[in-house]
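Novice: Below you'll find the structure I mean.
Residue numbers (the working numbering): 4 to 226.
Put into structure tokens, the structure is as follows:
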């Protein structure tokens, strides 16, 4: 079994969505004074590698804490879109090229390669993004979730959050943003886990996202 971490580390100097305060990690207790170390974490719910719930945009929709834990584990598929240039769209042709596997997957993860810009101003540039047709496929095939290695599922210029709204308005799909290392997973189905911090009425939360690879496919018995 091979486990690949798909999660960026939270730190005080990490990239955050423009206009959002960065996280603070204050040492509240020390070995010298208290005999142990404890850290006070202060951060927004959509910090780093994180998950959006339907309640992120709609007040009466599903919060992360009300989901069963089963929602956050399933068959994943990474789709390689790293050939795209700045601002280009992830069209349905990327789904159609791997349609048989995509139909079986419960999570579709788009690898754009944009995580190479993590920590630079370019990360907030014109990254590739999915079209409404791709969003319709995700909804029509009842996926548990969709993920990308960029800061948002909508282009940075779309203040209306068109794709977010299309996905979250009526479906219980979740969105995982700021993934990394998707290029290490390969192009076969695998077990994907993205477990959000569980707090009451959570509109979103940081996740520890991992890929579990097993050549014998025994990992699918867990799903």
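Every residue, glycine too, gets a C-beta built ideally from N, C-alpha and C.
In this text, all values refer to a predicted model and were calculated from it rather than measured experimentally.
In terms of residue numbering, what span does the alpha helix (DSSP H) encompassing residue 279 cover?
Specialist: Since the first and last residues shown for the chain are 4 and 226, residue 279 lies out of range.
Novice: Can you have a look at residue 227 and say buried or exposed, based on whether 16 or more other CB atoms are within 10 angstroms of its CB?
Specialist: The displayed coordinates of the chain run from 4 to 226. Any statement about residue 227 would go beyond what the structure contains.
Novice: Starting from residue 176, follow the beta strand (DSSP E) in both directions and report where the run begins and ends.
Specialist: Where residue 176 is concerned, there is no enclosing beta strand (DSSP E), given that its DSSP letter is neither H nor E.
Novice: Once DSSP output is grouped into helix, strand and coil, what is the label at residue 208?
Specialist: Strand.
Novice: Residue 49 by DSSP, collapsed to three states: which one?
Specialist: Residue 49 falls in the coil class under three-state DSSP.
Novice: Quick one: Cα of residue 61 to Cα of residue 54, how far?
Specialist: Distance between the alpha carbons of residue 61 and residue 54: 15 Å.
Novice: Measure the C-alpha to C-alpha separation of residue 184 and residue 116 and round it to an integer number of angstroms.
Specialist: For residue 184 and residue 116, the distance between alpha carbons rounds to 8 Å.
Novice: Which term fits residue 97, buried or exposed, when burial requires 16 or more other beta carbons within 10 angstroms of its beta carbon?
Specialist: Under this definition residue 97 is a buried residue.
Novice: Could you compute how far the alpha carbon of residue 213 sits from the alpha carbon of residue 111?
Specialist: Rounded to the nearest angstrom, the two C-alpha atoms are 14 Å apart.
Novice: Note down, in chain order, each residue of its chain lying with its Cβ closer than 6 Å to the Cβ of residue 43, except the 5 sequence neighbours on either side.
Specialist: Closer than 6 Å at the Cβ level, and outside the excluded window around residue 43, lie 29 and 31.
Novice: For residue 118, does the three-state DSSP call read helix, strand or coil?
Specialist: Residue 118: helix per DSSP, three-state reduction.
Novice: Residue 46 and residue 26 look like a contact to me (Cβ under 8 Å); what is the Cβ gap, rounded to whole Å?
Specialist: So it is a contact: roughly 3 Å between Cβ atoms.
Novice: Could you pull out every residue in the same chain whose Cβ sits closer than 8 Å to the Cβ of residue 10, ignoring the five residues on either side in sequence?
Specialist: Hits under 8 Å: 51, 52, 182, 183, 210, 211, 212 and 213.
Novice: Mind reading off the beta-carbon distance from residue 109 to residue 169? Whole number of angstroms is fine, and I expect it under 8 Å.
Specialist: Actually they are not in contact, since the Cβ atoms of residue 109 and residue 169 sit about 19 Å apart, beyond 8 Å.
Novice: How many whole angstroms separate the CB atoms of residue 132 and residue 93, which I take to be in contact at a CB cut-off of 8 Å?
Specialist: Correct: roughly 6 Å between the Cβ atoms.
Novice: Assign residue 202 to buried or exposed, taking buried as 16 or more other Cβ atoms, counted over all protein chains shown, within 10 Å of its Cβ.
Specialist: The residue is exposed, with fewer than 16 neighbouring Cβ atoms inside 10 Å.
Novice: Please report how far the alpha carbon of residue 161 lies from the alpha carbon of residue 174, in whole angstroms.
Specialist: Straight-line Cα distance between these residues: approximately 21 Å.
Novice: Using a Cβ-based criterion (distance less than 7 Å to any ligand heavy atom), does residue 211 qualify as near the ligand ATP?
Specialist: Judged by which ligands are present, the structure shown has none, so any question about the ligand ATP falls away.
Novice: In this structure, how does DSSP classify residue 224 when only helix, strand and coil are distinguished?
Specialist: Caution is warranted here: a pLDDT of 47 is assigned to residue 224, below 50, making its placement in the model unreliable, and no coordinate value can be reported.
Novice: Would you call the segment 121-140 and the segment 192-208 in contact, with 3 or more CB pairs under 8 Å?
Specialist: Counting Cβ pairs under 8 Å, fewer than three are found: no touch.
Novice: Give the range of the beta strand (DSSP E) segment to which residue 197 is assigned.
Specialist: It spans 193-199 - the beta strand (DSSP E) in which residue 197 sits, taken as one unbroken run.
Novice: Could you name the residues of the same chain whose beta carbon sits closer than 6 Å to that of residue 13, not counting the 5 residues immediately before and after it, in chain order?
Specialist: Counting only Cβ-Cβ distances below 6 Å, and skipping sequence neighbours, we find 26 and 51.
Novice: Put residue 105 into one of helix, strand or coil per three-state DSSP.
Specialist: Residue 105 falls in the helix class under three-state DSSP.
Novice: So residue 192 and residue 78 are in contact, right, with Cβ under 8 Å, and what is the actual spacing, rounded?
Specialist: Confirmed, Cβ separation roughly 5 Å.
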